[in-house]
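If you read the sequence shown in numbering that gives the first Met the number 0, its first letter stands for residue 0, the second for the next number, and so on.
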Amino acid sequence: MIGRDLLKKFDHTIEDRLGKGKGIAKKKVKLTQWATFTCYLKGEDYNGVPTLAKITKGGWVVEELEAGALLGQDFLKPYGGIINLETAEIDLTQIKLKVKGKIQPTSRACTRKVTTTKKVTLMPGQEAYVPVDYKPLPNDRCFRFEPGHAAGLEAVVDAKTP
0 MIGRDLLKKF DHTIEDRLGK GKGIAKKKVK LTQWATFTCY LKGEDYNGVP TLAKITKGGW
60 VVEELEAGAL LGQDFLKPYG GIINLETAEI DLTQIKLKVK GKIQPTSRAC TRKVTTTKKV
120 TLMPGQEAYV PVDYKPLPND RCFRFEPGHA AGLEAVVDAK TP
């Protein structure tokens with residue numbers, strides 16, 4: 000996927016095509032335009048000489064995309080891309096180019112303790128709504144919840160969820 004604002008900065012073509020996408024923050028989105036665009040990666044050849052590599056990629060056009068573009072690893076395949084997490088580099092073996100990257104550290108854990116407001120006893124297999132008390136989430140990012148109990152459910156919560 001590529002945001003329309005970033006796409007304007009590249010040489011590109013757009014064709015009408017139908018598709019569907021789904022994001023964490025939104026429900027299903029109808030996609031109607033596919034762009035093929037050309038961009039340049041800064042890197043160094045195997046002798047350490049600074050070099051630009053011309054890369055062509057395709058993706059769905061969306062109106063707003065905070066990251067600018069979301070590229071899967073599939074764009075590396077034609078260039079023989081090998082990701083080295085130790086050095087934060089991508090080695091494009093087919094064109095003999097190394098591209099330095101940056102690995103974002105994961106954010107600190109956000110513990111959201113949820114407790115019942117009163118003692119509740121359930122029989123095996125019984126389901127019930129249980130009143131709870133909790134500390135609200137920060138509203139500047141999305142969260143992924145991993146249950147501490149086997150019967151708990153995983154969830155992704157959008158930043159705008161109350």
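Where a beta carbon is used, it is the ideal one built from N, C-alpha and C, also for glycine.
Span separating the alpha-carbon of residue i from that of residue j
i    : j    : result
G57  : D132 : 47 angstroms
G47  : T37  : 24 angstroms
T11  : R3   : Looking at the sequence itself, residue 11 is His, so the reference to Thr does not match. If I take the Cα positions, the gap works out to 11 angstroms.
K27  : P135 : 27 angstroms
K21  : C141 : 15 angstroms
K99  : V61  : 27 angstroms
L70  : Q32  : 16 angstroms
T50  : G67  : 23 angstroms
L121 : A87  : 50 angstroms
P146 : K19  : 30 angstroms
T115 : P104 : 34 angstroms
W59  : Y39  : 19 angstroms
Cutoff 8 angstroms; reference residue i; Cβ partners in own chain excluding five residues on either side
i    : result
L80  : First, the residue type needs correcting, since residue 80 is Gly and not Leu in the sequence shown. Q72, F74, I89, D90, L91 and T92.
V113 : V131, D132 and Y133
L17  : K29, L30 and T31
V119 : A127 and V129
Which of helix, strand or coil DSSP assigns to residue i
i    : result
R16  : strand
Q72  : helix
Y78  : helix
L51  : strand
R3   : helix
D67  : Checking the displayed sequence, the identity of residue 67 turns out to be Gly instead of Asp. Looking at G67 - three-state DSSP - the assignment turns out to be coil, as it is neither helix nor strand.
L96  : strand
N46  : coil
T114 : strand
E88  : strand
Candidates the options, of which the one nearest residue i by Cα
i    : options                 : result
F144 : A52, E153 and P137      : E153
I102 : T120, N83, K95 and I94  : N83
E63  : L6, Y45 and K117        : L6
K41  : F9, G18 and K53         : K53
P123 : K117, A150, Y78 and A68 : A150
E129 : N138, K117 and D139     : Glu is not the amino acid found at residue 129; the sequence shown has Val there. The candidate whose alpha carbon is nearest that of V129 is K117.
L30  : Y39, P77, E43 and I13   : I13
L96  : A87, P104 and Y78       : Y78
E65  : T120, H148, N138 and I1 : I1
Y45  : V155, V156 and I94      : I94
Spatial neighbours of residue i in its chain, beta-carbon cut-off 6 angstroms, leaving aside the 5 residues before and after
i   : result
T55 : T37
Own chain, CB closer than 7 angstroms to residue i, minus 5 neighbours either side, in chain order
i  : result
F9 : F36, T37 and C38
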